[in-house]
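Residue numbers (the working numbering): 577 to 870.
For reference, the structure discussed in these notes is given below.
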């Protein structure tokens with residue numbers, strides 16, 4: 577199939593975006609957005625040359641529309657493929673706010689953390705000892721930690737900002753910790769615990785999360801927001817009692833990658849609303865619909 581080429585009249589079309597006629601603007605917008613991601617660079621170049629605030633605003637909205645549509649398509653493909661790669665899912669959600677972030681830089685830093693930790697591990701270590709080594713590298717050497725803000729800013733949830741600032745939320749730290757552990761062969765899974773995302777150390781390694789609850793045995797739990805502290809089912813029972821929730825199977829057992837990304841989006845929506853930016857919640861809800869989790 578021949579690849580799309582930019583139409584020679586694209587610059588002329590972009591120049592018409594300031595047309596005051598609503599119908600004319602709609603037609604021009606549709607022609608430009610139909611080109612997909614290839615239209616983004618010319619639009620951004622036009623934005624830099626534009627001095628009219630209305631023109632700039634319209635270009636910004638078109639660029640976002642194109643990038644959001646592309647994100648929806650890629651997220652749909654990720655779900656259809658089985659959602660087995662949690663890193664891909666996390667990077668897709670990061671693209672919602674930072675569509676042009678450097679994925680290679682993110683991957684390189686993640687690989688660096690994995691390599692440094694791997695050098696400290698050996699096959700004679702117990703499960704708890706391996707977690708202790710990972711905690712030392714993750715929290716002491718790389719100095720990742722949890723934000724103390726009552727209502728964390730949305731930026732704290734995105735992977736690129738987490739890697740730059742080393743400051744995250746329970747869900748963002750938990751996903752990053754989980755990604756590192758999985759690459760090291762440490763059998764961790766996410767647990768969708770209310771108010772606090774935690775990790776479970778299980779008896780087997782899986783990339784996609786939970787494939788069969790009956791075959792997975794949880795050995796202990798990890799709180800990635802509290803410097804990787806380890807706790808047992810007894811402490812988990814006390815926590816549920818404290819927040820007045822009746823014990824349910826899903827509060828104890830691993831969840832899959834779709835559930836983890838859904839939890840991330842849930843917390844992002846709350847963060848945007850709490851920080852006075854509720855206009856993004858509809859788009860994030862649409863992303864959740866793509867995940868197909870009821």
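Glycine included, C-beta positions come from ideal geometry on N, C-alpha and C.
Simplified DSSP state of residue i, which is helix, strand or coil
i           : result
residue 649 : helix
residue 854 : helix
residue 611 : coil
residue 860 : helix
residue 790 : Legend: pLDDT at residue 790 = 49, less than 50; position of this residue unreliable, value from coordinates given subsequently. In this structure, residue 790 counts as helix in the three-state DSSP scheme.
residue 640 : helix
residue 772 : coil
residue 664 : helix
residue 744 : strand
residue 722 : strand
residue 657 : coil
residue 714 : helix
residue 618 : helix
residue 695 : coil
residue 702 : coil
residue 823 : coil
residue 750 : helix
residue 730 : helix
residue 601 : helix
residue 684 : helix
residue 838 : helix
residue 848 : helix
residue 633 : helix
residue 585 : coil
residue 813 : helix
residue 626 : coil
residue 755 : helix
residue 594 : helix
residue 760 : coil
residue 843 : helix
For residue j and residue i, believed in contact at Cβ under 8 Å, the rounded distance
i           : j           : result
residue 776 : residue 753 : Contact flag wrong, Cβ pair sits at about 12 Å.
residue 727 : residue 847 : 7 Å
residue 773 : residue 750 : 5 Å
residue 762 : residue 708 : Not quite, the Cβ-Cβ distance comes to about 11 Å (not below 8 Å), so this is no contact.
residue 604 : residue 643 : Not confirmed; about 19 Å, so no contact.
residue 823 : residue 816 : 6 Å
residue 659 : residue 834 : 5 Å
residue 619 : residue 639 : 5 Å
residue 729 : residue 851 : 6 Å
Residues bridged to residue i (per DSSP)
i           : result
residue 805 : 799
residue 868 : Looking at the DSSP assignment, residue 868 forms no beta bridge with any residue, so it has no partner.
residue 766 : 775, 831
Other residues of its chain near residue i: CB distance less than 6 Å, five sequence neighbours each side excluded
i           : result
residue 843 : 747
residue 634 : 593
residue 666 : 735, 751
residue 671 : 647
residue 626 : 632
residue 759 : 690
residue 623 : 632, 635
Heavy atom of the ligand MN within 7 Å of residue i beta-carbon
i           : result
residue 795 : As presented, the structure is devoid of all ligands, the ligand MN included, so that no description of it is given.
Residues of its chain near residue i, where Cβ-Cβ distance is below 7 Å and the 5 sequence neighbours each way are ignored
i           : result
residue 663 : 755
residue 656 : none
Spatial neighbours of residue i in its chain, beta-carbon cut-off 8 Å, leaving aside the 5 residues before and after
i           : result
residue 849 : 857
residue 854 : 848
residue 712 : 696
residue 778 : 763, 764, 765, 792, 793, 794, 795, 830
residue 725 : 732
Inset, instruction - Indicate whether the contact test is met: 3 or more Cβ pairs, each with one atom in the stretch 646 to 653 and one in the stretch 719 to 730, closer than 8 Å. - result: At 8 Å Cβ cutoff, the stretches do not touch.
Inset, instruction - Count the CB pairs spanning the stretch 754 to 772 and the stretch 678 to 685 that are closer than 8 Å, and state whether there are at least three. - result: Under the Cβ criterion (8 Å, minimum of three pairs), the stretch 754 to 772 does not count as touching the stretch 678 to 685.
Legend entry - Segment contact, 8 Å Cβ cut-off, at least three pairs: the stretch 584 to 599 with the stretch 607 to 616: Yes, the stretch 584 to 599 is in contact with the stretch 607 to 616.
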